[in-house]
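In this note's numbering, the protein residues as written are 20 to 280. For reference, the structure is listed below as structure tokens.
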């Protein structure tokens with residue numbers, strides 16, 4: 020344990036299941052000494068996500084606190100335009116100061132093909148996958164500038180995705196739209212000491228893959244295994260560290276050489 024993030028605070032969105040990337044991110048940052056505040060939304064998990072895991076956010080908080088860091092959490096519906104401000108308010112209240120690291124892991128994903136894509140579905144994907152992280156990032160940057168007028172070490176990190184899945188049109192389109200925010204936002208926030216990067220972890224076995232899908236994907240990973248949540252979490256922990264201060268404006272593929280592009 021290097022404790023490279025000791026004294027830092029991190030906000031991670033979309034932490035609802037033990038097998039998810041969000042949980043792996045929280046664990047990886049806590050191992051480096053960071054205090055954590057995270058969000059989840061049970062209604063989505065129960066109705067449209069990978070399934071509701073009752074009590075997991077509370078159990079994770081206990082686990083993180085057992086690792087010697089402070090932790091807090093809240094439910095946040097990012098369809099609500101006020102959610103970004105509410106989340107930052109609660110994070111500051113729970114941890115005593117503004118987070119210096121913001122990791123956008125929450126997303127909305129529902130099957131959409133050219134036959135099934137509707138305005139309502141596209142709007143929902145856009146609001147959660149684009150509007151919410153954009154508004155949260157801007158609110159964070161404004162507060163960071165006030166808290167650190169001489170500059171500091173801030174991080175904004177987005178989870179990205181791309182691919183050729185014709186049954187996932189809205190999700191993939193909005194994730195690529197999110198990637199378009201990275202370079203101009205990085206340029207705008209560099210004078211504040213905030214870096215902005217995105218990470219595409221490729222297909223990751225976070226509990227949503229069927230055995231059949233795993234069999235189809237495995238030959239496309241030249242390293243002989245499918246991506247794990249911990250792979251993405253380790254890369255994000257590095258990008259959150261001081262060692263990554265000179266890396267900004269990048270959309271990084273960290274997917275074990277995945278051949279399915």
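For glycine and all other residues, C-beta sits at the position ideal for the given N, C-alpha and C. Source: prediction; values computed, not measured.
Reduced DSSP category for residue i - H, G, I as helix; E, B as strand; rest coil
i, result
"residue 150", "helix"
"residue 93", "strand"
"residue 107", "helix"
"residue 177", "strand"
"residue 63", "helix"
"residue 207", "helix"
"residue 55", "strand"
"residue 42", "helix"
Alpha helix (DSSP H) segment containing residue i, residue limits
i, result
"residue 193", "188-198"
"residue 28", "That residue, residue 28, is in no alpha helix (DSSP H); its beta strand (DSSP E) goes 28-31."
"residue 271", "Where residue 271 is concerned, there is no enclosing alpha helix (DSSP H), although the beta strand (DSSP E) it sits in stretches over 269-272."
"residue 214", "That residue, residue 214, is in no alpha helix (DSSP H); its beta strand (DSSP E) goes 213-219."
"residue 254", "248-259"
"residue 139", "138-145"
"residue 234", "230-236"
Segment limits, beta strand (DSSP E) that includes residue i
i, result
"residue 88", "Looking at the DSSP string, residue 88 is not in any beta strand (DSSP E), and its letter there is neither H nor E."
"residue 123", "120-123"
Residue i versus the options, residue with shortest Cα-Cα distance
i, options, result
"residue 263", "273, 231 and 173", "173"
"residue 128", "141, 118 and 272", "141"
"residue 63", "77, 33 and 132", "33"
"residue 60", "24, 157 and 125", "125"
"residue 144", "254, 190 and 249", "190"
"residue 255", "192, 220, 166 and 109", "220"
"residue 260", "157, 212 and 111", "212"
"residue 224", "22, 31, 24 and 36", "36"
"residue 25", "80, 87, 153 and 138", "87"
"residue 158", "21, 236 and 30", "30"
"residue 112", "205, 266 and 55", "55"
"residue 91", "75, 110 and 105", "110"
"residue 227", "161, 218, 245 and 202", "245"
"residue 105", "155, 66 and 132", "155"
"residue 95", "171, 45, 48 and 147", "147"
"residue 151", "266, 51, 232 and 107", "107"
"residue 49", "149, 136 and 27", "27"
"residue 117", "85, 77 and 160", "160"
"residue 197", "89, 268 and 133", "268"
"residue 169", "210, 192, 138 and 153", "210"
"residue 84", "271, 93, 163 and 53", "53"
"residue 201", "134, 271 and 136", "271"
Touching by the beta-carbon criterion (3+ pairs, under 8 Å), the region 266-277 and the region 229-245: yes
Count the C-beta pairs between the region 116-136 and the region 168-183 that are closer than 8 Å, then say yes if the count reaches three, no if not. yes
Decide yes or no for the touch test of the region 93-102 against the region 38-45: beta carbon pairs closer than 8 Å, at least 3 of them. no
Decide if the region 181-197 is in contact with the region 244-264; the criterion is three or more beta carbon pairs, one per stretch, under 8 Å apart. no
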